[in-house]
Structure formats: C-alpha cells, structure tokens
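In the working numbering, the protein residues as written are -1 to 150. Even for Gly, the Cβ is constructed at its ideal location relative to N, Cα and C. What follows is one structure encoded as structure tokens, with my remarks underneath.
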C-alpha cells in the first residue's frame, strides 16, 4: 500500500504544492488546508467556515467555497460523494476508499488491498482513459445501527 502522509507532512509540503498548482500561499489558504489536513471528519465548506471564522474574522463563507474548489481542482483535496449531495472534502489524496453512512451522512476512510486489474480496467469498447478509481460503500455505520437497535 502507498505511504499515507501525516497531517504534519501535508502541512509542511503545502507551500510547495500550492506553488506547483500556481496558487499563492495566503493565511486563509493555510488555515483551511491545515484544518482539512488534520481532520478525519471530511468537513463541508460550512463546517470549515464555522471552525475557523474566529481565527480569521474577515473570512467569508464564499471565500471558503472558492478556496476549497481551487484545492479540489488542483488535486490538493478529494471531494467525497454523499447521498445528501453536500460536498465534503478530504485532504488525504493517497489511494483509499470511503464508507458513507446513509443515516447520519458520516464518512470514514477505509484502506483496502488493491483490486485486481480486471476490476479497475475499463473494457476496450469504452473510449475513456481512467486515471484513478474510488470505491464508496454506502450503508449504516455502527453507531447508527446501535441507535436503531436501541429504538427497536
């Protein structure tokens, strides 16, 4: 399996990754990226804004959306699909997959062994060059299952 960079490694390499993407390193971008790099929660832009607005009082929600979109377009973040269609983001760009709870919309990272090539290669009659793939498992997390059992 690929090396999984720590939050500290991601934050340390952030200026270089911005430079490679042609993005200026600003305090707002640093704060947003640091929050995402240190989070296992896969926050949406509103949650990011709520968590850092005290540290950056001039920051607007629109700016958070803009920065997160730039990070996603330049490969600094992954967008995690959810059933609620709320955009959630992950600074962990190494190959991994997600478990998405259909009850609480919670997201967990899951590392799996590589899939056999026959499952990741598209048939020749599909004219598309796939660069990557991701598995997203939709189901009910253990906490929601426990709540459902307790409620009978």
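Simplified DSSP assignment, three categories, for residue i
{"i": "residue 69", "result": "helix"}
{"i": "residue 76", "result": "strand"}
{"i": "residue 152", "result": "For residue 152 there is no data in the structure shown, the boundaries of the chain being -1 and 150."}
{"i": "residue 55", "result": "coil"}
{"i": "residue 12", "result": "helix"}
{"i": "residue 4", "result": "coil"}
{"i": "residue 17", "result": "helix"}
Buried or exposed by the 16-neighbour rule on C-beta atoms within 10 Å, applied to residue i
{"i": "residue 12", "result": "buried"}
{"i": "residue 35", "result": "buried"}
{"i": "residue 102", "result": "exposed"}
{"i": "residue 128", "result": "exposed"}
{"i": "residue 108", "result": "exposed"}
{"i": "residue 115", "result": "exposed"}
{"i": "residue 53", "result": "exposed"}
{"i": "residue 124", "result": "exposed"}
{"i": "residue 22", "result": "exposed"}
{"i": "residue 118", "result": "exposed"}
Residues that DSSP places opposite residue i in a beta bridge
{"i": "residue 106", "result": "97"}
{"i": "residue 87", "result": "77"}
CB-CB length for residue i against residue j, believed under 8 Å
{"i": "residue 135", "j": "residue 74", "result": "Between residue 74 and residue 135 the Cβ distance is about 25 Å, and since that is not below 8 Å, they are no contact."}
{"i": "residue 63", "j": "residue 77", "result": "Rounded, the Cβ-Cβ distance is 12 Å, inconsistent with contact."}
{"i": "residue 40", "j": "residue 105", "result": "4 Å"}
{"i": "residue 25", "j": "residue 61", "result": "That belief does not hold up - the Cβ atoms of residue 25 and residue 61 are roughly 12 Å apart, past 8 Å."}
Q. Are at least three pairs of beta-carbons, each pair with one atom in the region 23 to 39 and one in the region 62 to 70, less than 8 Å apart?
A. By the criterion of at least three beta-carbon pairs nearer than 8 Å, the region 23 to 39 is in contact with the region 62 to 70.
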